[in-house]
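Chemist:
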Amino acid sequence: LFDKVGAHYYDRIDTRCTPDERDAVKDKVLNAKPVTIGGLPVGGLDTTDGFKFLLGDAAGAAGWVLIRLSGTEPIVRVYTETTHPDKVQAILQDGLKIAGLK
């Protein structure tokens, strides 16, 4: 499988938040219009299960960052998966900024 699709790198950050911060996160993310995240172009936004910004192109060829509010805990989770190992932390940090948590 690795030979077929190449390497993908994943990480996540969990950040505690108050109920007021949760509402603010939703508003900030919905109103965000980032052109790049972690130095990669943003190709689209999928809101099926949180806020998933597709990176590289509309299909997310370079990866994605997902900002998701937990349904059971006062936590905002920021996940990323990318083909660029050197971009993982920058993508996560930009995700926190988009959510207004940094």
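Anchor point for the sequence shown: position 49 equals 1082 in this note's numbering, and the numbering is continuous, going up by one each time. Don't be surprised by glycine CBs; every beta carbon is placed ideally from N, CA and C. Given the structure is predicted, the values throughout are model-derived calculations rather than measurements.
(1) If you follow the alpha helix (DSSP H) that Lys1037 is in, where does it begin and where does it stop?
(2) Between which two residues does the beta strand (DSSP E) carrying Glu1114 extend?
(3) Quick check on the DSSP output: the alpha helix (DSSP H) that includes Lys1130 runs from which residue to which?
(4) What residues are listed by DSSP as bridge partners for Thr1105?
(5) Which parts of the region 1048-1080 are runs of the beta strand (DSSP E), unbroken and 3 residues or longer, counting only runs that do not cross its ends?
(6) What separation, rounded to the nearest whole angstrom, lies between the Cα atoms of Thr1113 and Ile1100?
(7) Hey, Thr1116 and His1041 are a contact pair by Cβ (cut 8 Å); roughly how many whole angstroms apart?
(8) Have a look at the DSSP bridge pairing and note the partners of Asp1044.
Modeler: Let me lay it out:
(1) Residue 1037 sits at position 4 when you count from the first residue of the sequence shown. Per DSSP, Lys1037 belongs to the alpha helix (DSSP H) from Phe1035 to Val1038.
(2) Position 81 of the sequence shown, counted from the start, is the residue given in the question as residue 1114. Segment Ile1108 to Thr1115, the beta strand (DSSP E) holding Glu1114.
(3) Position 97 of the sequence shown, counted from the first residue, corresponds to residue 1130. Taken as a continuous stretch (DSSP letters only), the alpha helix (DSSP H) holding Lys1130 covers Val1121 to Ile1131.
(4) The sequence position of residue 1105 within the sequence shown is 72, counting from 1. Paired residue(s): none; Thr1105 is not in a bridge.
(5) 1073-1079
(6) Counting from one through the sequence shown, the residue named residue 1113 turns up at place 80. Counting from one through the sequence shown, the residue named residue 1100 turns up at place 67. One C-alpha to the other measures close to 9 Å.
(7) If you number the sequence shown from 1, residue 1116 lands on position 83. If you number the sequence shown from 1, residue 1041 lands on position 8. Thr1116 to His1041, Cβ: 6 Å. Contact.
(8) The count along the sequence shown starts at 1 and reaches residue 1044 at position 11. Answer by DSSP bridge pairing, in chain order: Thr1113.
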